[in-house]
Structure formats: C-alpha cells, structure tokens
Amino acid sequence: MKPARALAGAAVLGAWVALALGVGPVRGQAPATDSCLECHSQLDEERLVKPTRNFAADVHAQHRLGCAGCHGGDPKDMDVTAMDPGKGFRGVPGYEQIAEFCARCHADAELMKRYNPQPYIFSMAEFRTSVHCKKIAEGDKKVATCTNCHGVHPILSRKDPKSPVYKANVPSTCARCHNADYMKGRKVRTDQYALYRRSVHGKALLEKGDVSAPACNSCHGNHGAVPPNTQNISLVCGNCHGREGELFAASRVRDALELAGKRGCVTCHGNHDVQVPTDEMVSTRPPGLCGQCHWPNSPGDKATALIVPGFHGLKSGIAEAESLLRLAEEKGMETASGRELLKQASDQLVSVRAVLHSFDRVQIMTVLNEGAGLASQAARQGRAALLDWRNRRIGMALSLVVILALMGLLIARIRRMERGAAPAPEGGAPQARG
Amino acid sequence: MPGGGGPPARPGWREWLDVRLGLEPLRRLAEHKEVPAHRHTFWYYWGGMTLFLFGVQVATGILLLLYYRASADEAYESVRFLMTQVSFGWLIRSIHSWSANLMIGAALIHMFSVFLLKAYRGPREVTWLSGMVLLGLALAFGFSGYLLPWNELAFFATKVGTDIVGDLPLVGRFLLRFLRGGDQITGGTLTRFFGVHVAILPAIATVILGVHLYLVQRHGMSVPPGVEAAGPARRMRFVPNFLMRDMVGWLAALGVLALLSALFPWELGVKADPYAPAPAGIRPEWYFVWMFQTLKLLPSHVGPLEGELVGILGIGAAGLVWTLAPFLDDAEGRGPRARLWSMLGALAVVYVTLMTVLSYAWGGNP
Numbered sequence: 001m002k003p004a005r006a007l008a009g010a011a012v013l014g015a016w017v018a019l020a021l022g023v024g025p026v027r028g029q030a031p032a033t034d035s036c037l038e039c040h041s042q043l044d045e046e047r048l049v050k051p052t053r054n055f056a057a058d059v060h061a062q063h064r065l066g067c068a069g070c071h072g073g074d075p076k077d078m079d080v081t082a083m084d085p086g087k088g089f090r091g092v093p094g095y096e097q098i099a100e101f102c103a104r105c106h107a108d109a110e111l112m113k114r115y116n117p118q119p120y121i122f123s124m125a126e127f128r129t130s131v132h133c134k135k136i137a138e139g140d141k142k143v144a145t146c147t148n149c150h151g152v153h154p155i156l157s158r159k160d161p162k163s164p165v166y167k168a169n170v171p172s173t174c175a176r177c178h179n180a181d182y183m184k185g186r187k188v189r190t191d192q193y194a195l196y197r198r199s200v201h202g203k204a205l206l207e208k209g210d211v212s213a214p215a216c217n218s219c220h221g222n223h224g225a226v227p228p229n230t231q232n233i234s235l236v237c238g239n240c241h242g243r244e245g246e247l248f249a250a251s252r253v254r255d256a257l258e259l260a261g262k263r264g265c266v267t268c269h270g271n272h273d274v275q276v277p278t279d280e281m282v283s284t285r286p287p288g289l290c291g292q293c294h295w296p297n298s299p300g301d302k303a304t305a306l307i308v309p310g311f312h313g314l315k316s317g318i319a320e321a322e323s324l325l326r327l328a329e330e331k332g333m334e335t336a337s338g339r340e341l342l343k344q345a346s347d348q349l350v351s352v353r354a355v356l357h358s359f360d361r362v363q364i365m366t367v368l369n370e371g372a373g374l375a376s377q378a379a380r381q382g383r384a385a386l387l388d389w390r391n392r393r394i395g396m397a398l399s400l401v402v403i404l405a406l407m408g409l410l411i412a413r414i415r416r417m418e419r420g421a422a423p424a425p426e427g428g429a430p431q432a433r434g
Numbered sequence: 001m002p003g004g005g006g007p008p009a010r011p012g013w014r015e016w017l018d019v020r021l022g023l024e025p026l027r028r029l030a031e032h033k034e035v036p037a038h039r040h041t042f043w044y045y046w047g048g049m050t051l052f053l054f055g056v057q058v059a060t061g062i063l064l065l066l067y068y069r070a071s072a073d074e075a076y077e078s079v080r081f082l083m084t085q086v087s088f089g090w091l092i093r094s095i096h097s098w099s100a101n102l103m104i105g106a107a108l109i110h111m112f113s114v115f116l117l118k119a120y121r122g123p124r125e126v127t128w129l130s131g132m133v134l135l136g137l138a139l140a141f142g143f144s145g146y147l148l149p150w151n152e153l154a155f156f157a158t159k160v161g162t163d164i165v166g167d168l169p170l171v172g173r174f175l176l177r178f179l180r181g182g183d184q185i186t187g188g189t190l191t192r193f194f195g196v197h198v199a200i201l202p203a204i205a206t207v208i209l210g211v212h213l214y215l216v217q218r219h220g221m222s223v224p225p226g227v228e229a230a231g232p233a234r235r236m237r238f239v240p241n242f243l244m245r246d247m248v249g250w251l252a253a254l255g256v257l258a259l260l261s262a263l264f265p266w267e268l269g270v271k272a273d274p275y276a277p278a279p280a281g282i283r284p285e286w287y288f289v290w291m292f293q294t295l296k297l298l299p300s301h302v303g304p305l306e307g308e309l310v311g312i313l314g315i316g317a318a319g320l321v322w323t324l325a326p327f328l329d330d331a332e333g334r335g336p337r338a339r340l341w342s343m344l345g346a347l348a349v350v351y352v353t354l355m356t357v358l359s360y361a362w363g364g365n366p
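Residue numbers (my numbering), protein chains in the order written: chain A, 1 to 434; chain B, 1 to 366.
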C-alpha cells in the first residue's frame, strides 16, 4: 500500500471512530474561520474591535468556544447576515441580563461537565440572595454583576494569577467598588480592605502568597455575597477553625453573647482586622480580653481567676522544662524521654488554646492540669539529667584519682625495682648496677 | 629441721594447680621472657595497648548485649533505654564506642611503627600478615558496629560505605547485596551486621589473634636494623619490668576512656528513617576518612575509567603492596631498597594524615 493511500485510509477510519464516540462540535464551538473575529478586528469603531484583542487568552477560547458560544449567530457566514436573530444571534446583553446570560451555560451541570468533571455550577437562586443581585433588580447599575468581578474579553480562569478572581486578587477586586469614593452616598463600610491587609489573613494571602488563607469571599460568599448573617458567626469562622468553632458553638457563652448583641468570635478577635491571637489575650486585665465581659467577682471572673494563672503556669512550666533539657543536651546528656514528655505538654498547650473556646472551666482545667503534669515530669527529667551529669564528673574525677594513684604506685615500684639493677645485655637478665 | 618424720606437708594452691594444669612451663616462660631495651622500645607497647583495648571491647560488648535488640524497630529504642534507664548504661556504651576508636588508633600506630622499624623482616613475615588481617578485622568490627544503634548518621554512612563496595568491577554487585542482605539497607542488613559483629568477627579474630600472639612469642620482639648494627641490644625482663610498664600504659588508656566518656558521652542522634533525605556533612568514621577524601578529590573520569573506580582499585593495590612489604623489602633492612621502603612508609603516614586533616578542615566540601 502506498503511503498516501495509507494516510487517507487512516484519516477516514479516524473520522468514523470520532463519529462513533460522539466526538463532534459542541454548542458555539469556534470554527476554523470565525467571521465574528475576522470582521470585528477590521472595524473602525474601538468599542467593536476591543473584544477581538487578546481573545485567544480567554478561558472560553481555550476551551474552543468562539464569540457565538455566548453571543449566538453564525460564525461561518462571512456576511453581516451572520448576526441574524434567526440564526440565534443574541448580541450584547443588557446590564441586568448579564447574570442570566452567563447562567445559560454556567448553571447547566450537564454542559459544564464537558469541560470539567467536577465543575462549579453557578446558581441564579444563590445569586439572587446577594446584595448585588437585589440592587440590580432595583435598577441599580452601580453594583457588581459577573463581568465586574470576572472581567470580560478576555475572561481568565480563576486559577490564572492574572485573573481578578484569582484568590490573592479577590480582596483588591472587591475593593475596586468597596472604597470610600465609589460607595459615596451609600451606607456601606469602606475600611474593610485597609483592615484586611493588616490582618493575619491578609498578610498570609497578600504578603506570603498563602492561597489557603481566606479572602473576602471565604467568609461572605462570592455569588451570594452578603454580610455574614448566619445564626452565629462561629459557623463562618468554624469553616476553617473547626475545633474552636465546634467548642464555641456548644458553649453557653455563644448564646449569652448573642443576647448581649455581640457577634461571637468577633467579640474577642475582631473581623476584618483579625490578628494573630496571643496568649496575653487570656487575662482579665488589659491587654487581656476576659475582663471586657467578666466583671469583678462575677462567676466568670472567679473561673478566670483560676484558668488564667493555670494557663500562664503551664507556659512557664514548659519554658522551664525546655531550658533544663536544653542545658542538659548542651552538656551532652541524652534527653529523648524528657523531650517526648515536653512535646506532649506542648501539645496540651495547643489543645488548651482551642479548649478555651468552650468557656467550660472543668474542660479547660482538665487539659491544663494534664499539661502541667507533663511539663513537670519533663522538668524533673531535665533536672535528673543535670544531676547525673554532675555525678558523672565527680565519678570521673574519683576514678582518675584512683587511676593516677595506681600509675604512680606502679612507676614508683618500677623505679625502686630497677634502681639497683642495670638492663642486661642480650641473653641475660637485668644486672645490678652497684 | 624438726618434725621430719611427721605426715607430708599439704601442697600449696600453686602446687595443686601446677599438678593439674601444668603451669610450670608458663612460669618458666614468664621468668625467662625478655624484651630488647633501646631507644625505640616505646613502640613495643602499642601491640599490648591494642590488645588491652580489645579486651575492653569484649567486656563492654558483652554487657551491651544484655540490653541490645537487633531489629530496625527496636535497636534505636533499646540503645536509648540502655543510655537513659540502665545504671551506668551510658558509661558502658560510651566506653565501648570510645575504646573502639582508640583501639583502631592504637592498631594503626602499632602497624606504622612495625613498618617503619622494619619489624616485619624474616622470620616475622607471617606475624605481619596476621597483624594485617587483624587490622582488617578491626575495621570490619568498626564498620559493622557503627550501624547497630540504627541512627540516621550510621544508616547513611553505611549506605555510602556499601555503595563504594558496589562500585568494584565484577564482584561489586554481589558484594553489595551480600553485605546489605538485599539491594537496600533494611532491618535485614542490621540483623546481618549484628551477627557479623558479635559472632563471626569475634570467632575469626580469636583464632587470628591467637596465631599472632603465638608468633610474637615464638620470634620475640624484633630489634630495628639501626639498633642491631650498633651491637647486641640491652634487654629487660618481660615479667615484671615490661609488663608493669605495659600496665602503666593500660591505666593511662583507662583514664583517657573515663575522661572521654564523661566529658564527651557518645551521642545517639536521631533514629534512622530510610525515607528521609541524607543529612548534610555525612562522613564515615575517622579511620576511613582518608579513603573517602581520596575518592572525592579524584576527577569524575580518569581516562576511560570512572574516577571512583580508579580510586578504589588504587587504594586496593596500595593495600596489597603494603601487605606484601616483608617479601618486597630488603631482608636485612639495609641498603637503597630498604631506604625506599622506609620512605614509602613515611609517605603513607603523611598521606593518610593529610587526607584526614583536609577532610575535616573542609567540612566535607572541598
């Protein structure tokens, strides 16, 4: 068989296989020549040319979806008739129609699965819960819809670091509208971005590039963006801080705070400017935070008077054991079992930091006492190692004294023995000198 | 003398033992054994010193055996238990480890002094050969014992050491698998090294040591050619003169061991993790360092051969020539050939010292 004929045969076979597997053009798939791009790129009006620029970088283009995929029409028709409504042409959606326009595909799970086996399915129902959607419905055009956050022509994948909705870009994208200038005349806070940038979350995401840190949408939602109005705020924080969230949600303090008009976690930690929690927060006196609710001689104050010294006592117990063990290690002593105890005590300290959120004296004191016991055992091992080290030195000194004494005796004996004798020439025993 | 007709006097314990064990020849030997006394007599003590430290090794090794458990899961923990929970366990382990190093040091001094004083000349060729075998056994003791605590440093040092053996042509692959008990260092390697360390090597060493001591006794101490030429050397009695001097040295060694063990107790380090990356600055025991440094200084290729292979073959050839020195050197220990061999010996001392110092000075990164 000649090579050309063989290739043609393979092409025909490939086409049959493709048809048999159902591989074919999908809705709006870009044809080899796209009349939309061809014509619009040559027009004079900037508004009409702009969408064609950088279209190749668009996430839709990368999935082989052309202009017709969103706007309809016939991209094979090289004439103006390509934009015939009879050919499905929809043109540019009105501002209030944009979400519905995108939802045609993004809310279609069947369709989205063709591009991603685990797709995010957009929900208009969820979007309608957002303040943004409600304002749009009221005719407000100064609120965000899909294109305000995701961009348009090109729309980049959210995984693309250049995308405005890439995790680390989300705070600045939100701040494009949530700032004092844009929000003039509205009753909306505008200091969130400045506060967030100073927060532990903001520093982790924006300065360290840690994309596991929360951005605005992690707490507020994205397409259903609202101020968190959950039953209690611990459900929001608890999404990431699971154990603390669970303990707090089960505590009596949660309801007491709600009754007092305070918002759970926010009462002690703040929200947008949440800082790294420090152990100094656990005190009734400033900078401690317990005193802001537990007034003097209240039951809470009495419990705090027990917990706070216990908490700081555990910390100093761990520090003491650490310094004793380090000192022993510097002297070459083996401290593995002491180190193991110290690690367990440190784990208890980490645990107590979480258990504090239960606001349950018995639970907290149980963990504190276990930790203090372990730290005390570790410190005992450190002290024993140092004592052992001292005893080894004494033992060494005594043994050296005995060894040196024996050596001295031997040398004296040899001298005494040989004082009167001269070494013998070959074949004879030592000779007496005198 | 009164009472001559009474019952015969009961024999003392010496007589009692002599009748049963035949100790008289030994007593006569001790009485008559002599050692040459001259300006180089100092070097005679190093054989006895090596033997004393070997005795320390045997005694402390037996004590360690009471607690050591030879498996990858338990070895490290058992040594840690010994060092932290057993009374004087730390001391026994520290003495065992330090004494091993001092023994190799003493053996090396003994070997170089024998070489440079030409004590290997006839009829002591077999004494020299048995000594070289004993040195090889001591190094094997060190290599096999190093892995037994199953810590990180030992694990990777053993890996590097066995990798080098694996580079040998023809037999390398077989030897590597033979040493490791497989392709990798595993708990099986540990068990194998343990068996070698506490059973196979001691059995062989006992026999060869017996032969070595017998030959030393048979031929006596060699007198260096320079002293020999000056006329008959003076002599001293082995018992008690030489033996008491030996004992002074042994006591000094014991003092050094006590000092080292108390001031620098042998560390246990971190437990070996076969999946962890090799720690930085990994280096074999100090007595292997000169070979390690030689291999590192060689270029990646020497002609058509790999640099490492050339190094291994070169060190092997040098070791063979060194071992055969008694047969290649001048039998009288005089003349130009003898001077050449003396020069070679001095060069070897300088080379080994220089390479060892360089390795430590460069911290493993030349």
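Yeah, the Cβ is synthetic: ideal placement off N, Cα and C, and Gly gets one too.
These numbers come from a predicted model, not from an experiment.
| Asked | Found |
| --- | --- |
| Would the stretch 196 to 213 of chain A count as touching the stretch 270 to 290 of chain A if we require 3 or more Cβ pairs under 8 Å? | yes |
| At what residue ranges does the stretch 273 to 314 of chain B contain a whole run of the alpha helix (DSSP H), taking only runs of 4 or more? | 289 to 297 |
| Does the structure place the stretch 171 to 184 of chain B close enough to the stretch 243 to 262 of chain B that three or more beta carbon pairs sit under 8 Å? | no |
| Relative to the C-alpha of Val86 of chain B, which candidate in B:Gly311, B:Ile164, B:Leu64 has its C-alpha closest? | B:Leu64 |
| Report the option in B:Val310, B:Phe238, B:Leu358, B:Ile208 whose CA atom is closest to the CA atom of Ile414 of chain A. | B:Phe238 |
| Can you tell me which residues form a DSSP beta bridge with Val35 of chain B? | B:Met236 |
| Output yes if chain A places a C-beta closer than 8 Å to the C-beta of Pro265 of chain B; else output no. | yes |
| State buried or exposed for Gln192 of chain A, treating a residue as buried only when at least 16 other CB atoms are found within 10 Å of its CB. | buried |
| Taking Cβ-Cβ distances shorter than 7 Å, what residues in chain D pair up with Val248 of chain B? | Absent from the structure is chain D; the protein chains it does hold are A and B. |
| Is it true that the CB of Tyr287 of chain B sits closer than 8 Å to the CB of Leu139 of chain B? | yes |
| CB-CB under 7 Å to His219 of chain B, same chain, minus the five flanking residues each way: which ones, in chain order? | Pro123, Arg124, Thr127 |
| Below 8 Å on the Cβ atoms is my contact criterion, and I expect Ala375 of chain A with Ala397 of chain A to pass it. Report the Cβ-Cβ distance as a whole number of Å. | No, Ala375 of chain A and Ala397 of chain A are not in contact; Cβ-Cβ is about 33 Å, not under 8 Å. |
| Is Val59 of chain A near the ligand NAP, in the sense that its beta carbon is under 7 Å from a heavy atom of that ligand? | The ligand NAP is absent from the structure shown, which contains no ligand whatsoever. |
| Counting Cβ pairs, one atom from each stretch, are 3 or more of them under 8 Å apart for the stretch 346 to 363 of chain B and the stretch 157 to 171 of chain B? | no |
| Thinking just about the alpha-carbon of each residue, which of B:Ala37, B:Leu26, B:Arg337, B:Leu21 is nearest to the one in Glu228 of chain B? | B:Ala37 |
| Taking the alpha helix (DSSP H) that Ile364 of chain A falls in, what are its first and last residues? | 361 to 419 |
| Scan the stretch 155 to 237 of chain B and note each continuous beta strand (DSSP E) run of 3 residues or more that stays entirely inside, going in chain order. | 234 to 237 |
| Measuring CB to CB, does Phe122 of chain A end up less than 8 Å from Ala144 of chain A? | no |
| Counting pairs of Cβ atoms below 8 Å between the stretch 65 to 78 of chain B and the stretch 147 to 154 of chain B, do you hit three or more? | yes |
| Compare the C-beta of Ser123 of chain A against all C-beta atoms of chain B and say whether one is closer than 8 Å. | no |
| Any idea if Val321 of chain B is buried or exposed, counting beta-carbon neighbours within 10 angstroms, 16 or more meaning buried? | exposed |
| In this structure, does DSSP put Gly14 of chain A in helix, strand or coil? | Low per-residue confidence applies at Gly14 of chain A: pLDDT is 42, beneath 50, and the placement is therefore not dependable, though the value from the model is reported in the following sentence. The answer is helix: DSSP assigns Gly14 of chain A an H, G or I state. |
| Give a yes or no on contact between the stretch 359 to 374 of chain A and the stretch 385 to 404 of chain A, applying the rule of three or more CB pairs nearer than 8 Å. | no |
| Are there 16 or more other CB atoms within 10 angstroms of the CB of Gln293 of chain B, so buried, or fewer, so exposed? | buried |
| Give the DSSP-derived three-state secondary structure of Asn241 of chain B in the structure shown. | helix |
| Taking beta-carbon pairs under 8 Å, can you tell me which members of the stretch 150 to 163 of chain B lie near chain A? | none |
| Pull out every residue of the stretch 225 to 258 of chain B whose Cβ sits closer than 8 Å to any Cβ of chain A, in chain order. | Pro232, Ala233, Arg234, Arg235, Met236, Arg237, Pro240, Asn241, Met244, Arg245, Met247, Val248, Leu251, Ala252, Leu254, Gly255, Ala258 |
| Would you mind reading off the limits of the alpha helix (DSSP H) that contains Asp301 of chain A? | 299 to 330 |
| What's the gap between the Cα of Pro225 of chain B and the Cα of Val56 of chain B? | 34 Å |
| Go ahead and pull the three-state DSSP assignment for Leu48 of chain A. | helix |
| Would you mind sorting Glu334 of chain A into buried or exposed? The rule is 16 or more other CB atoms within 10 Å of its CB. | buried |
| According to DSSP, is Lys271 of chain B part of a helix, a strand, or is it coil? | strand |
| Are the CB atoms of Cys268 of chain A and Leu289 of chain A within a distance shorter than 8 Å? | yes |
| Just the Cα atoms here: how many angstroms apart are Asp160 of chain A and His60 of chain A? | 13 Å |
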